[in-house]
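So for the sequence shown, the numbering used here puts the first residue at 35; every next one is plus one.
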Amino acid sequence: MQTIKLPGFVAASVLAALAFPSFCSAEPILGDAPTAPKDVSNLPRGPMELGVTGGFTVNTDSREEVRSFYIAVYTSSDGVPMNTTANVSTCTPGTNAATYQEAVLRRINWFRAMAGLPASVTLNTTNNSKDQEAAVMMSANTNLSHSPPPTWHCYTFNGATASSNSNLALGDAGADAITGYIWDYGANNNAVGHRRWLLYPQTQVMGTGDVPQQGSFKSANATWVFDGNYGGPRPATRKSYVSWPPAGYVPYPVVYPRWSFALSNANFTNATVNMKSNGVPVTVSTETYQIFYGENTIVWVPMGLNPNDYNTVFPFGGTDTVYTVAVSNIHVGVTTTNYAYTVTVFDPAVPGADYHPPVISGPNQPGAGQNNAYTFTAVSNATSYQWRSTLRTPYNFNDGAESGLGNFTVNTSLGYAVQQSSVVASGSYSFHLAHPSPPTDQTLTLNQVFVPRTNTLLKFKSQLGYAADGQSAKVQISTNGGTSWVDLFSQTGDLSGYPIETAFTNRSLSLAAYTGNIAVLRFNYHIGVGSYYYQTSAGVGWYIDDIVITNAEIGTVSGTNATATTNFTFNPSQSGTYNLEVQALIFTEFPLGWGPAKEVNVMPAIMLGMPVVTNGQVRLDFTVTSNSAATFKLLQVDQLGAAWITNTGATLTTNVPGSSYRFTTTVGPSKRFYRIQAP
């Protein structure tokens, strides 16, 4: 823990609150991977209690299929509440929410599917229970061991058994820990043993135990990786080998400094690796060859990267980058063989040439109160679809925190006031987000969803005070109901020991890129990798004031419906401007996000009765599906094909008995034609 001296100009109240302004590290660690078990005869062999949440397959030769698999399935494991009953301080293992366990399982099966392995691993409840005890032990002792001694705090026999059968992480939990195992950072993990166990083809049953950070006790994960299938018949896989990153398209966030290539029963002692990036040779450093972890594997690090530092990321320039890999001089028995494949690293936020969203076709002016038929283009890997209609009305927003938190859903830690008066840009109050210990994301999510237009602006005043390198002020937008978020604005702290800003800064962000989409907006004081200030006193954290949204529209969803086909019927109950949108689902339950909106102007459906001529007057009674009668017009023409003109002398009467409306006008020529113009 590092103590930072505050500058002399800081207010006395801040000095008192920050007598020891300190950073805490949030960086996770991995221990050694477990080595191959000697006996698995007593371990389960097949699917058991918890239902399969995987069964995934993906064609890595398709950029769009991989992109949608990442967006819909990988990210669905993020942010799932643990809802634990574990208590490390009392050595209580407790239980976690089933949805949290399933999120961990989804992450495992996602990586296995990407690697071309059977991706229907299930969790065993006995394994889960024992792993829960192991996770408590690791957290309680701030240490990792596959053979914890009985002298350890919170030691149990079941926890020790799980420790010897599990990948272990400290400072990470849940799906994040699974990603960490595939990363396999640290000087002790040059064999990528954690990765090799998660990607062992034969495995069908695993387990998971997790505890969150609780006070000074770090979060922890134990993932049971051995089952009775170890050493058994190898199942069919996409390729004869298992590599990470795999051949084909791979999202850049899951490409790590250590690359690996595994081949059953191979000997890589004298094997070599060569790489090229877009045809240009890449330097490669081969790690020490080690067995006893899953299938025999060669591991290498390209471009002189530091695989031991958790903060090292694989470089990505923003455009699709093709890496050619050649692994040579591999010995399998008495045979020498070579393998070559390509990996294309890409940004999953950027659609490629094979992106074909569901584009809607149909009438631009559908009638209210009647069936209007629409079709849309199919999405290649969809299992089903949803469509929705959204009524739009003008929307502007202004909140300077003067009236409290009523406009927001607040997800913050206890112990500090989100509406505060010590640091303000204007008025008496502003919003304040900070990270008490243990740190978690602190969010203010605008309750009102809205539809940006081409000229929609988000303006706010921002002051990031004391913030370390693990803390970031983010404004984020979601167009899929909060499933995933995109940064509109991001500002990260540093280790200088001084405030990032000492006054409010005006920020103005265009939302034109999200025109026509139903948007959710949030302010997120994010905790990432690195250090953080755990104080919540004045001057520490992020202050937000005078939030303004202009020229937007409210999107009131009037219906979300399922369809197994590429057509639907829209029957609006009232006139107005609507968005129609379709989203595809993959693997039955994972939405890809709403496709491009089709804007339609719903017209009132008009039912015109027979004209009645009386005393030189003609009466035209009609009913409509809207009460916007003030803007109806009576049009007339004496010869079909001629231009319609407005009858300015007609009288409109509302609430006519037996009808809704009546136009009355002077009788014209015997062949005059009339038409009602809707608003």
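All C-beta atoms, glycine included, are put in the ideal place defined by N, C-alpha and C.
Task: Buried or exposed by the 16-neighbour rule on C-beta atoms within 10 Å, applied to residue 637 - done: Residue mapping note: residue 637 aligns to position 603 of the sequence shown, counting from 1. Result: buried.
Open item on the list: Does residue 605 come out as helix, strand or coil in the three-state DSSP assignment?
Closed with: Along the sequence shown, one-based indexing puts residue 605 at 571. Correct three-state label for residue 605: coil.
- [ ] State the start and end residues of the unbroken beta strand (DSSP E) segment that holds residue 648.
- [x] Reading the sequence shown from its first residue, position 614 is the one you call residue 648. Where residue 648 is concerned, the enclosing beta strand (DSSP E) stretches over 646 to 648.
- [ ] Please state if the CB of residue 240 and the CB of residue 178 are separated by a distance shorter than 9 Å.
- [x] As a first step, residue 178 is located in the sequence shown; it is residue number 144 there, counting from the start. As a first step, residue 240 is located in the sequence shown; it is residue number 206 there, counting from the start. No, they are not a contact pair.
TODO: Please work out which residues of its chain come closer than 7 Å, Cβ to Cβ, to residue 382, disregarding the five sequence neighbours upstream and downstream, and give them in chain order.
DONE: Residue 382 sits at position 348 when you count from the first residue of the sequence shown. These residues qualify, in order along the chain: 101, 104, 105 and 285.
- [ ] Return the bridge partner residues of residue 465 from the DSSP annotation.
- [x] Mapped onto the sequence shown, residue 465 falls at position 431. Bridge partners of residue 465: 453 and 578.
Open item on the list: Can you find the residues in the same chain that come closer than 6 Å, C-beta to C-beta, to residue 84, ignoring five residues on each side of it along the sequence?
Closed with: Start at 1 with the first residue of the sequence shown, and residue 84 comes out as number 50. Confidence at residue 84 is low in this model, with a pLDDT of 39, below 50, so the placement of that residue should be treated as unreliable; the coordinate-derived value is given next. 156 and 157, listed in sequence order.
Task: Among 312, 570 and 169, nearest to residue 454 - alpha-carbon criterion - done: In the sequence shown, the residue the question calls residue 454 occupies position 420. Considering only alpha carbons, the answer is 570.
Task: Spatial distance of residue 532 from residue 185 (CA atoms) - done: Position 498 of the sequence shown holds residue 532. Position 151 of the sequence shown holds residue 185. Answer to the nearest angstrom: the Cα atoms are 43 Å apart.
Open item on the list: Whole angstroms are fine: how far does the CA of residue 289 sit from the CA of residue 348?
Closed with: On the sequence shown, residue 348 is found 314 positions in, with the first residue counted as 1. On the sequence shown, residue 289 is found 255 positions in, with the first residue counted as 1. Looking at the two C-alpha atoms, the distance is approximately 6 Å.
TODO: Tell whether a beta-carbon distance below 9 Å holds between residue 538 and residue 481.
DONE: Along the sequence shown, read from residue 1 onward, the residue named residue 538 stands at position 504. Along the sequence shown, read from residue 1 onward, the residue named residue 481 stands at position 447. No, the pair does not count as a contact, with Cβ atoms beyond the cut-off.
- [ ] Work out the CA separation of residue 132 and residue 242 for me, nearest whole Å.
- [x] The residue given as residue 242 occupies position 208 in the sequence shown. The residue given as residue 132 occupies position 98 in the sequence shown. In a straight line, the C-alpha of residue 242 is about 11 Å away from that of residue 132.
Open item on the list: Quick check: what's the CA-CA separation for residue 415 versus residue 594?
Closed with: Stepping through the sequence shown from its first residue, residue 415 is reached at position 381. Stepping through the sequence shown from its first residue, residue 594 is reached at position 560. Going by the C-alpha atoms only, they are around 21 Å apart.
Task: Under the three-state DSSP convention, the category residue 216 falls into - done: By 1-based counting over the sequence shown, the position of residue 216 is 182. Correct three-state label for residue 216: helix.
- [ ] State the DSSP-derived secondary structure class of residue 719, mapped to helix, strand or coil.
- [x] Lying outside 35 to 713, the shown extent of the chain, residue 719 is not represented and no answer is given.
Open item on the list: Just verifying my parser: in three-state terms, what is the DSSP assignment at residue 90?
Closed with: Within the sequence shown, numbered from 1, the residue matching residue 90 stands at position 56. Collapsing the DSSP output to three states places residue 90 in coil.
TODO: Take residue 701 and list the residues in its own chain whose beta-carbon comes closer than 8 Å to its own, dropping the five residues that flank it on each side.
DONE: For this step, residue 701 is matched to residue 667 along the sequence shown. So the qualifying residues of the chain are 647, 650, 651 and 652.
Task: DSSP beta-bridge partners of residue 709 - done: Looking up residue 709 in the sequence shown gives position 675. Paired residue(s): 669.
Task: Sequence-distant residues of the same chain with beta carbon closer than 6 Å to residue 235, five excluded per side - done: Counted from its first residue, the sequence shown places residue 235 at position 201. Taken in chain order, the residues that qualify are 151, 268, 269 and 271.
Task: Cα-Cα separation, residue 255 to residue 391 - done: The count along the sequence shown starts at 1 and reaches residue 255 at position 221. The count along the sequence shown starts at 1 and reaches residue 391 at position 357. The straight-line gap from Cα to Cα measures roughly 38 Å.
TODO: Decide yes or no for the touch test of the region 566 to 581 against the region 451 to 471: beta carbon pairs closer than 8 Å, at least 3 of them.
DONE: yes
Open item on the list: Buried or exposed for residue 641, going by 16 or more other Cβ atoms inside 10 Å?
Closed with: In the sequence shown, counting from the first residue as 1, residue 641 sits at position 607. The residue in question, residue 641, is exposed, as its Cβ has fewer than 16 Cβ neighbours within 10 Å.
Task: Own chain partners of residue 199 with C-beta closer than 6 Å, once the 5 adjacent residues on each side are dropped - done: Locating residue 199 in the sequence shown gives position 165, counting from the first residue. Here the set comprises 258 and 260.
TODO: Just the C-alpha distance for residue 658 and residue 483, rounded to the nearest angstrom, thanks.
DONE: Position 624 of the sequence shown, counted from the start, is the residue given in the question as residue 658. Position 449 of the sequence shown, counted from the start, is the residue given in the question as residue 483. Cα-Cα distance, rounded: 30 Å.
Task: Contact under 9 Å by Cβ, residue 212 with residue 141 - done: Start at 1 with the first residue of the sequence shown, and residue 212 comes out as number 178. Start at 1 with the first residue of the sequence shown, and residue 141 comes out as number 107. Cβ distance < 9 Å, so residue 212 and residue 141 count as in contact.
Task: Of the listed residues 327, 311 and 406, nearest to residue 360 (C-alpha basis) - done: Taking the sequence shown and counting its residues from 1, the one referred to as residue 360 is at position 326. When each option's Cα is compared against that of residue 360, the closest is 311.
Task: Selected residue, minimal CA-CA separation from residue 379, among 355, 371, 393 and 364 - done: Counting from one through the sequence shown, the residue named residue 379 turns up at place 345. Answer by Cα proximity: 355.
Open item on the list: Taking the straight line between their C-alpha atoms, what separation do you get for residue 440 and residue 434?
Closed with: Locating residue 440 in the sequence shown gives position 406, counting from the first residue. Locating residue 434 in the sequence shown gives position 400, counting from the first residue. Those two C-alpha atoms are separated by around 12 Å.
Task: Cβ distance (whole Å) where residue 475 is taken to contact residue 558 below 8 Å - done: Taking the first residue of the sequence shown as position 1, residue 475 is located at position 441. Taking the first residue of the sequence shown as position 1, residue 558 is located at position 524. With 8 Å as the limit, residue 475 and residue 558 qualify as a contact, their Cβ atoms being about 6 Å apart.
- [ ] Return the CA-CA distance between residue 64 and residue 164, expressed in angstroms with no decimal places.
- [x] Position 30 of the sequence shown, counted from the first residue, corresponds to residue 64. Position 130 of the sequence shown, counted from the first residue, corresponds to residue 164. Between the C-alpha atoms of residue 64 and residue 164 there is a straight-line separation of about 19 Å.
Open item on the list: Does residue 146 pass the burial test, meaning 16 or more other C-beta atoms within 10 Å, or should it be called exposed?
Closed with: Taking the first residue of the sequence shown as position 1, residue 146 is located at position 112. Looking at its Cβ environment, which holds 16 or more other Cβ atoms inside 10 Å, residue 146 is buried.
Task: Segment limits, alpha helix (DSSP H) that includes residue 116 - done: Within the sequence shown, numbered from 1, the residue matching residue 116 stands at position 82. Per DSSP, residue 116 belongs to no alpha helix (DSSP H) and is neither H nor E.
Task: Helix, strand or coil at residue 622 according to DSSP, with G and I counted as helix - done: Here residue 622 is taken as the residue at index 588 of the sequence shown, counted from 1. In the structure shown, residue 622 sits in coil (DSSP, three-state: anything other than H, G, I, E or B).
TODO: Starting from the C-beta of residue 643, find all residues in its chain whose C-beta is less than 6 Å away, skip the five residues before and the five after it, and write them out in chain order.
DONE: Stepping through the sequence shown from its first residue, residue 643 is reached at position 609. Excluding positions up to five away in sequence, the list reads 655.
- [ ] List the DSSP bridge partners of residue 315.
- [x] What you label residue 315 is simply residue 281 of the sequence shown in a count that begins at 1. In the DSSP assignment, residue 315 forms a beta bridge with 310.
- [ ] Find out if the Cβ-Cβ distance for the pair residue 545, residue 586 is shorter than 9 Å.
- [x] The sequence position of residue 545 within the sequence shown is 511, counting from 1. The sequence position of residue 586 within the sequence shown is 552, counting from 1. In this structure, the beta-carbon distance from residue 545 to residue 586 falls below 9 Å.
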